[in-house]
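Participant: Position one of the sequence shown corresponds to residue 1 (my numbering), numbered consecutively onward.
Starting off with a structure, shown below.
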Amino acid sequence: MDALLKEHFGYDEFRPMQRDIIENVLQKRDSLVLMPTGGGKSLCYQIPALKFEGLTIVISPLISLMKDQVDNLKTNGINAEYINSTLSFREIDEIKKKIQRKEVKILYVAPERLALEDFKIFLTTLQISLIAIDEAHCISEWGHDFRKDYRNLKFLKNLFPNVPVIALTATATLKVREDILKQLSLKEPKIFISSFNRKNLNLIVMQKKNVFNKILSLIKEHINEPIIIYCFSRKDTEKIAQRLNENGFKSLPYHAGLSNEIRKQNQELFIKDKVNIIVATIAFGMGIDKPDVRLIIHHTFSKSIEGYYQEIGRAGRDGISSDCVLFYSKGDKRKHEFFIDQIQDEIVKNIALGKLNKMMVYCENTFCRRKNILRYFGEFFPEQNCQGCDICLNFREIKKSITDKSLIFEKIKEVKSYDKILFEKLRTLRRKIADERNFPPFIIFGDISLREMSMYFPRNDKEFLDINGVGQRKLNDFGNLFLEVINSYIKENNIIPEKFHRRNHKKRVRHLSKNYQKTKEMILKKIQIEKIAEVQELKEGTIINHIEKLIEGGEKIDINYLLPSRENLEIIKSAFKKIGTERLAPIYNYFDERYSYEEIRLVRAIIKSGNYSEEISEENNYYKRLEKIKENFPNAYEPWKTEEDNELRKLYLVNTPIDEIAQILKRQPNAIKSRLGKFGLVGD
Ligand SMILES: [Zn+2]
Numbered sequence: 001m002d003a004l005l006k007e008h009f010g011y012d013e014f015r016p017m018q019r020d021i022i023e024n025v026l027q028k029r030d031s032l033v034l035m036p037t038g039g040g041k042s043l044c045y046q047i048p049a050l051k052f053e054g055l056t057i058v059i060s061p062l063i064s065l066m067k068d069q070v071d072n073l074k075t076n077g078i079n080a081e082y083i084n085s086t087l088s089f090r091e092i093d094e095i096k097k098k099i100q101r102k103e104v105k106i107l108y109v110a111p112e113r114l115a116l117e118d119f120k121i122f123l124t125t126l127q128i129s130l131i132a133i134d135e136a137h138c139i140s141e142w143g144h145d146f147r148k149d150y151r152n153l154k155f156l157k158n159l160f161p162n163v164p165v166i167a168l169t170a171t172a173t174l175k176v177r178e179d180i181l182k183q184l185s186l187k188e189p190k191i192f193i194s195s196f197n198r199k200n201l202n203l204i205v206m207q208k209k210n211v212f213n214k215i216l217s218l219i220k221e222h223i224n225e226p227i228i229i230y231c232f233s234r235k236d237t238e239k240i241a242q243r244l245n246e247n248g249f250k251s252l253p254y255h256a257g258l259s260n261e262i263r264k265q266n267q268e269l270f271i272k273d274k275v276n277i278i279v280a281t282i283a284f285g286m287g288i289d290k291p292d293v294r295l296i297i298h299h300t301f302s303k304s305i306e307g308y309y310q311e312i313g314r315a316g317r318d319g320i321s322s323d324c325v326l327f328y329s330k331g332d333k334r335k336h337e338f339f340i341d342q343i344q345d346e347i348v349k350n351i352a353l354g355k356l357n358k359m360m361v362y363c364e365n366t367f368c369r370r371k372n373i374l375r376y377f378g379e380f381f382p383e384q385n386c387q388g389c390d391i392c393l394n395f396r397e398i399k400k401s402i403t404d405k406s407l408i409f410e411k412i413k414e415v416k417s418y419d420k421i422l423f424e425k426l427r428t429l430r431r432k433i434a435d436e437r438n439f440p441p442f443i444i445f446g447d448i449s450l451r452e453m454s455m456y457f458p459r460n461d462k463e464f465l466d467i468n469g470v471g472q473r474k475l476n477d478f479g480n481l482f483l484e485v486i487n488s489y490i491k492e493n494n495i496i497p498e499k500f501h502r503r504n505h506k507k508r509v510r511h512l513s514k515n516y517q518k519t520k521e522m523i524l525k526k527i528q529i530e531k532i533a534e535v536q537e538l539k540e541g542t543i544i545n546h547i548e549k550l551i552e553g554g555e556k557i558d559i560n561y562l563l564p565s566r567e568n569l570e571i572i573k574s575a576f577k578k579i580g581t582e583r584l585a586p587i588y589n590y591f592d593e594r595y596s597y598e599e600i601r602l603v604r605a606i607i608k609s610g611n612y613s614e615e616i617s618e619e620n621n622y623y624k625r626l627e628k629i630k631e632n633f634p635n636a637y638e639p640w641k642t643e644e645d646n647e648l649r650k651l652y653l654v655n656t657p658i659d660e661i662a663q664i665l666k667r668q669p670n671a672i673k674s675r676l677g678k679f680g681l682v683g684d
């Protein structure tokens, strides 16, 4: 096998997973392979094809690529051919004869060919050793790229029950995965999921304002490096390419409206580094395998996360750090909707709309992009900070100085930056305490608290209490431990902590206007918002506004009776902790509209009330909460044992419902899900 690899492909080593996959195929077992673009999928069927005696059939939707793929194999000394609509009847006939003479090892065909009766009959006369289905996600309506012709592949297993099938794709969510297995009726398939994380890609989302100037600045940062700019329309590609040329940056357009020759020529010039910028519609890139694209710009956001990930998959295939910048504006939604509206099939249309929505949520969210994308593909990303997205790197656009020749975004030096070394020390301490008590660390203190500690250096109980998330009970339980670390750090490093006066909520609203006063009184009487609004002849939103202001002003009003339920309160709070309290929309979207804006606003008010709310809602409750959870699920938050993991996998594989698994393993259903996620077994 290694000899074949070296001989035909020039590689010394297999990439992760390739060997396992190939061995599975050689044992004539079915496989489903999920691997990101550039992961080396094709080798997984090409090597077995060389080992097997008969013919390997490769089904691929990319007719434009077939010739290149076949040429490429031929130059590697492998007898490959393709049959598709670009060939004449006579050419096809000749290839068929070659196949019958067993002079061909690998045959590429498009899926529509398999619908032809005489072609099917032709296939049955051959000795077929392996069927490879590339871009397998095309078979699923749940994918972003559904192709009706792929449904023709259903019959393959009936026709060739003993021939192993390998289905491959670079983009498949859990739903699509299941659909592929079902549609192809694979027999006890082995599923190979390699991580979809592309560490070297920096994922950046920017506001689509002043976009051309921003593009210029980005290009200047990547001077002479291969760059692809994806546009929505042919017109955009032409226009931007022209403007870039006017500004002294050599660039070429690429879109389906150009003649074949021009397209081919432009592509060649790009591949050969004669022109470093190509401005294209998303059609560009399917047929190229250029490893050193350093910057991919999306002038308009993609219509789905799958699509986006596939497009940026063309950057940095060599593993070197590359940037992917997407320009986002809500207004661009209409462009996509126009096309989605043309879809006849209602189901397909709705799926497309759902995907568009998810893409927009991705752009608007304010938590790690990588985590977000990987979660979409059912993969759990364990790191807190990916070090490679605008959120984690804390990029902020410099909006005004666009004309400035300098960088258009820079890593902001946080005005209130925290001491990272102290932060790490506190994290270590937190982990230690959490381990001792078998708690998840965030129950001790959230990161926000630790950051504040490493920013404000509290030295005594009083100052410690001023830290976000510290209440009396936590002060009693953990104060000494944390203060000890902080104080010795202050001493070692001669730090002079500034006086901090963060708790502006302690300043009361001086003159409560009549309306505010009324709202306050009614809240104290625990009257529902609806009623308060009615009495005051104001909108409910205004009343919520009052409540927010009152709490910010330090009024001690208890609004817990207005909140959905303790459980929901905690759920929403934890989302705020993750995403931040600045904007409501991301939280709203995060829950897929499960909670109303009003509920979310109220929870935010509680959080903003700081100490007070921490005391009420968290401090008094977190032990109780934990005890309560443990009543039902005694193993909750305990470390996982190997036997448990094995049991978990077994239960999952025989399709035991999550809730049942939770009962058996005595852990919470969410814990079960996330554990499965770690094994790549279950998505959202
Ligand atoms: Zn990130």
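No residue lacks a Cβ here, since even glycine has one placed at the ideal position from N, Cα and C.
1. Starting from Asp323, trace the alpha helix (DSSP H) both ways and give me its first and last residue.
2. Taking the alpha-carbon of Asn84 as reference, which of Glu103, Ala115, Asn494 and Lys239 has the nearest alpha-carbon?
3. Comparing C-alpha positions only, which one of Leu450, Asn493 and Ile312 sits nearest to Arg198?
4. When you compare the CB positions of Ile305 and Ile373, do they come within less than 9 Å of one another, or not?
5. To the nearest angstrom, report how far apart Asn266 and Glu117 are at their CA atoms.
6. Rounded to whole angstroms, what is the Cα-Cα separation between Ile193 and Thr656?
7. Who are the near neighbours of Glu141 in its chain, counting only those whose CB is closer than 7 Å to its CB and skipping five residues on each side?
8. Rounded to whole angstroms, what is the Cα-Cα separation between Ser406 and Pro16?
9. Is Cys44 near ligand 1, going by C-beta to nearest heavy atom under 8 Å?
10. Any heavy atom of ligand 1 closer than 8 Å to the Cβ of Cys392?
11. Just checking: is the beta-carbon of Lys358 within a distance shorter than 9 Å of some beta-carbon in chain C?
12. Verify the contact flag: Gly580, CB atom, against every heavy atom of ligand 1, threshold strictly below 8 Å.
13. Where does Thr300 fall in DSSP's three states?
14. In whole angstroms, give me the CA-to-CA distance for Phe232 and Glu238.
15. Should the segment 557 to 571 be called in touch with the segment 598 to 607, which here means at least 3 C-beta pairs below 8 Å?
16. I need the straight-line Cα distance from Leu562 to Ala434, nearest angstrom please.
17. Say the cut is 8 Å; is the CB of Arg370 nearer than that to a heavy atom of ligand 1?
18. With burial defined as no fewer than 16 other Cβ atoms inside 10 Å of the residue's Cβ, what is the status of Arg729: buried or exposed?
19. Measure the alpha-carbon distance for Val275 versus Leu218 and round it to whole angstroms.
20. With C-beta atoms as the reference, is His298 less than 9 Å away from Phe338?
21. Hey, how far is the Cα of Asp93 from the Cα of Lys105?
22. Suppose the cutoff is 8 Å on Cβ atoms and the five residues either side in sequence are ignored; what does the same chain contact list for Cys389 look like?
23. May I ask you to report which of helix, strand or coil DSSP gives Glu178?
24. I need the straight-line Cα distance from Glu614 to Gly471, nearest angstrom please.
25. Quick check on this structure: which residue in Leu126, Phe146, Lys157 and Val58 has the alpha carbon closest to the alpha carbon of Ala110?
26. Grab the span of the beta strand (DSSP E) containing Pro253 for me, first residue to last.
27. Hey, would you say Ser31 sits closer than 9 Å to Ile191, going by beta carbons?
28. Should Arg317 go down as buried or exposed, given a rule of 16 or more other Cβ atoms within 10 Å for buried?
29. At a threshold of 8 Å, does Cys742 count as lining ligand 1 (C-beta to nearest heavy atom)?
30. Say yes only if the C-beta of Leu55 is nearer than 8 Å to one or more non-hydrogen atoms of ligand 1, and no if none qualify.
31. For the beta strand (DSSP E) that Lys530 lies in, which residues bound it at each end?
32. At a cut-off of 8 Å, is Asn162 close to ligand 1 when judged by its beta-carbon and the heavy atoms of the ligand?
33. Would you mind sorting Ile215 into buried or exposed? The rule is 16 or more other CB atoms within 10 Å of its CB.
34. Consult DSSP for Gln207 and reduce its assignment to one of helix, strand or coil.
35. Name the one or two DSSP bridge partners that Val58 has.
Facilitator: Reading from the atomic positions:
1. Note, Asp323: premise wrong, no alpha helix (DSSP H); beta strand (DSSP E) at Ser322 to Tyr328.
2. Ala115
3. Ile312
4. yes
5. 39 Å
6. 21 Å
7. Ile347, Val348 and Ile351
8. For Ser406, the predicted model reports a pLDDT of 38, less than 50, meaning its position is unreliable and no value from the coordinates is stated.
9. no
10. yes
11. No chain C appears in this structure, which consists of one protein chain only.
12. no
13. coil
14. 11 Å
15. yes
16. 33 Å
17. yes
18. With the chain covering 1 to 684 only, the question about residue 729 has no answer from this structure.
19. 17 Å
20. no
21. 17 Å
22. Asn202, Leu203, Ile204, Cys368, Arg369 and Arg370
23. helix
24. Unreliable positioning characterises Glu614 in this predicted model, as indicated by a pLDDT of 42, which lies under 50. The coordinate reading is nonetheless provided below. Approximately 6 Å, taken between the alpha carbons.
25. Val58
26. Ser251 to Tyr254
27. yes
28. buried
29. Coverage of the chain is limited to positions 1 through 684, which leaves residue 742 absent and any answer about it impossible.
30. no
31. Here residue 530 is Glu; the residue named in the question, Lys, does not match the sequence. Run containing Glu530: none in the beta strand (DSSP E); it sits in the alpha helix (DSSP H), Ile529 to Gln536.
32. no
33. buried
34. strand
35. Tyr108 and Ala132
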